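Heads up, the thing below is written out as structure tokens.
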Amino acid sequence: QKEVEQNSGPLSVPEGAIASLNCTYSDRGSQSFFWYRQYSGKSPELIMSIYSNGDKEDGRFTAQLNKASQYVSLLIRDSQPSDSATYLCAVNEGSSYKLIFGSGTRLLVRP
Amino acid sequence: DAGITQSPRHKVTETGTPVTLRCHQTENHRYMYWYRQDPGHGLRLIHYSYGVKDTDKGEVSDGYSVSRSKTEDFLLTLESATSSQTSVYFCAISGFSGRALDTQYFGPGTRLTVL
């Protein structure tokens with residue numbers, strides 16, 4: 002069973018701090034990695050995708066990928082209360098377009 | 002907005018009745034997916050489609066069937082609804098020209114309650 006693991010949280014950080022969210026995956030054949038944000042009662046919204054080892058930055062968000070260690074992380078700089086949501090990590094299954102999702106990490110940003 | 006709608010948005014039904022959920026897209030995406038989301042389980046793939054009349058099973062397909070007779074519509078049918086199928090159902094799409102084929106965009110969801 003291919004798995005994607007995330008700490009369920011909640012991860013609580015003060016406003017302005019860096020939030021660090023982590024994800025590990027079991028399928029060594031995975032090539033595509035995604036972070037989604039989901040507000041309560043809403044649908045998942047794509048934040049970032051990453052395909053190569055290293056860092057990818059987009060505004061306040063940085064995704065980090067380490068295929069050798071099979072982990073993906075998301076850093077949110079200058080966290081805002083509006084960043085409070087559940088963050089879902091998703092990894093493609095083998096060479097397919099199917100995604101396997103982690104169960105999500107709940108982030109709380111305290112004003 | 003990836004041009005995805007789902008209907009109905011909310012439904013309450015009784016055990017044993019058939020239920021059909023509809024996903025409609027306006028951007029000619031090739032791939033369409035149905036997921037269910039339950040507390041503690043995250044998003045789990047039910048069925049997916051890689052073209053008109055081309056579908057395959059996902060992780061939790063028992064008790065569900067799908068059909069895709071045209072590019073824009075992907076239907077999910079619960080043949081005989083059970084209380085264990087109470088969930089939030091999301092449709093997703095991918096494969097639009099100019100975007101990465103593996104990047105999925107989600108519809109607004111359907112909240113289904115089976116009594």
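Chains A and B, in that order, give the protein sequences. Mapped onto our numbering, the consecutive letters of the first sequence carry residue numbers 2 to 112. Mapped onto our numbering, the consecutive letters of the second sequence carry residue numbers 2 to 116. Note that the Cβ used here is the ideal one computed from N, Cα and C, for glycine as well. These figures come from a predicted structure and were not determined experimentally.
Notebook entry, point to check: Considering only residues of the same chain and omitting the five flanking positions on each side of Asn-67 (chain A), which have a CB-CB separation below 7 Å?
Noted result: Hits under 7 Å: Asn-54.
Notebook entry, point to check: Under the three-state reduction of DSSP, which class applies to Asp-84 (chain A): helix, strand or coil?
Noted result: Note: Asp-84 (chain A) maps to helix in three-state DSSP.
Notebook entry, point to check: Which residue or residues does DSSP assign as beta-bridge partners of Gln-86 (chain B)?
Noted result: None, per the DSSP bridge assignment.
Item checked: Within-8 Å CB hit, Asn-93 (chain A) to chain B -> So, interface residue.
Next item on the list: With a 10 Å radius around its C-beta and 16 neighbouring C-beta atoms as the bar for buried, classify Gly-17 (chain A) as buried or exposed.
Entry: If you draw a 10 Å sphere on the C-beta of Gly-17 (chain A), you find fewer than 16 other C-beta atoms in it, and that means exposed.
Checklist line | Cβ-Cβ separation, Gly-4 (chain B) to Thr-27 (chain B) (assumed contact under 8 Å), whole Å | finding: That pair is a contact at about 4 Å.
Checklist line | Every unbroken beta strand (DSSP E) within the stretch 30 to 67 of chain A, with a cutoff of 3 residues, ordered by chain | finding: Taken in chain order, the complete beta strand (DSSP E) segments of 3 or more residues contained in the stretch 30 to 67 of chain A are 34 to 39, 46 to 51, 55 to 59, 62 to 67.
Checklist line | Contacts that Gly-105 (chain A) makes with chain B (C-beta to C-beta distance below 8 Å) | finding: Near Gly-105 (chain A) (Cβ distances below 8 Å), the residues of chain B are Gly-43.
Notebook entry, point to check: DSSP puts Glu-6 (chain A) in a beta bridge; with which residues?
Noted result: Glu-6 (chain A) is bridged to A:Thr-25.
Item checked: Ser-85 (chain A) versus A:Ala-69, A:Ser-97, A:Arg-107, A:Asp-79, residue with shortest Cα-Cα distance -> Measuring C-alpha to C-alpha distances from Ser-85 (chain A) to each of A:Ala-69, A:Ser-97, A:Arg-107, A:Asp-79 identifies A:Arg-107 as the nearest.
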